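Using the numbering used here, you'd call the opening residue of the sequence shown number -3 and step up by one each time.
The beta-carbon is built from N, C-alpha and C at its ideal position, and this holds for glycine as well.
Here the structure is a predicted model, which is why all the values come from computation and not from measurement.
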Amino acid sequence: MERYSKIERGYRREMLLLQGQGCRWRRCAFCDYHEDRSSDPFAVNRPLLERVTGEFGILDVINSGSCLELDEESLSLLTEVVRDRKIETLWFEAHYMYRHHLADFAARFPSAEVKFRCGVESFDPGLRERWNKGIPREVTPDEIARWFQGVCLLCCTQGETRERIERDVAIAREKFEYASVNLFCNNHTAIRRDEELARWFRDELYPQLKEDPRLEILLDNTDLGVG
């Protein structure tokens, strides 16, 4: 598994896939990502953190869960790395349930501007419920944007529609400064990709979106060089 990459196109930055202690939500119907966990994640994370150069001034840190679930040793070293490598912008991912704790977490990194992404997957409340995302029905895109600067969208699973995908992308472009649009890849869960919808996405929608600097279109799980 690759855990460090340099993204040298579009939004240029260093990317880290740290190992966590396990996602505390761990109920999303489409996800087996939470299997990447350890009782001693620092053994994996320390050499990764030491690879950060700071050459772009931007560091993007993801893990198998939310950033607030990283172990204390990894977070302490990350704080040093951000300071010493002069990281100006620091991105994390977090579940919506942590929204009230993001400001305190960001305060650990006083030398950087800290931004957060939320894996909403869709702005359709019914679809989120079906996927068991843990974001209440009544939560609107504006409410999510109160806490998060970016979102992750998931598309092309069975039962979805083109209209829903296009609507989600339009909302993300309007409300957030960053969005990743992820083409679902089959995994160990029962959720399956709609191959006809995926062909439409690749052949018709992707060419319309790929030059938008606010969007990163991931046709494969490893398109950011980690995973």
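Cutoff 6 Å; reference residue 139; Cβ partners in own chain excluding five residues on either side: Reading the sequence shown from its first residue, position 143 is the one you call residue 139. Cβ within range, chain order: n/a, list empty.
Integer Cβ distance of residue 221 from residue -2, believed to fall under 8 Å: For the purposes of this step, residue 221 is taken as the residue at position 225 of the sequence shown. For the purposes of this step, residue -2 is taken as the residue at position 2 of the sequence shown. Distance from residue 221 to residue -2 at the Cβ level is roughly 6 Å; contact confirmed, criterion being Cβ atoms closer than 8 Å.
DSSP-derived helix/strand/coil call for residue 63: Residue mapping note: residue 63 aligns to position 67 of the sequence shown, counting from 1. Secondary structure of residue 63 (DSSP, three-state): helix.
Of the residues 46, 102, 92, 57, the one placed nearest residue 223, counting alpha carbons only: Sequence index remark: in the sequence shown, residue 223 carries index 227 (1-based). Here the closest residue by C-alpha is 57.
Given 8 Å, three or more beta-carbon pairs between the region 25 to 44 and the region 86 to 98: No: the two stretches stay apart, fewer than three of their Cβ pairs being nearer than 8 Å.
Per DSSP, the bridge partner or partners of residue 58: Numbered from its first residue, the sequence shown carries residue 58 at position 62. BP columns for residue 58 point to 13.
Residue 15 classed as buried or exposed, judged by whether at least 16 other C-beta atoms fall within 10 angstroms: Here residue 15 is taken as the residue at index 19 of the sequence shown, counted from 1. If you draw a 10 Å sphere on the C-beta of residue 15, you find 16 or more other C-beta atoms in it, and that means buried.
Cutoff 8 Å; reference residue 125; Cβ partners in own chain excluding five residues on either side: In the sequence shown, counting from the first residue as 1, residue 125 sits at position 129. Excluding sequence neighbours, residue 125 sits near 133.
Residues of its chain near residue 67, where Cβ-Cβ distance is below 7 Å and the 5 sequence neighbours each way are ignored: Position 71 of the sequence shown, counting from 1, holds the residue named residue 67. The residues are 17, 37, 38.
C-beta contact flag for residue 85 and residue 131 at 9 Å: Along the sequence shown, one-based indexing puts residue 85 at 89. Along the sequence shown, one-based indexing puts residue 131 at 135. Their beta carbons are not under 9 Å apart, which means residue 85 does not touch residue 131 by this criterion.
Proximal residues to residue 34 (C-beta, below 6 Å), its chain only, five neighbours per side dropped: Along the sequence shown, one-based indexing puts residue 34 at 38. Its chain contains 15 as the residues whose beta carbon lies nearer than 6 Å to that of residue 34, once the 5 sequence neighbours on both sides are disregarded; these appear in chain order.
Reference residue 212; option with closest CA among 2, 0, 1, 6: Locating residue 212 in the sequence shown gives position 216, counting from the first residue. Taking each of 2, 0, 1, 6 in turn and checking the Cα distance to residue 212, the smallest one comes out for 6.
Residue 182, buried or exposed, once every other Cβ within 10 Å from all chains shown has been counted against 16: By one-based count along the sequence shown, residue 182 stands at place 186. Burial state of residue 182 is exposed, judged by a 10 Å Cβ sphere holding fewer than 16 other Cβ atoms.
Where residue 113 falls, given that 16 or more other Cβ within 10 Å makes a residue buried: Here residue 113 refers to the residue found at position 117 of the sequence shown. Residue 113 comes out buried.
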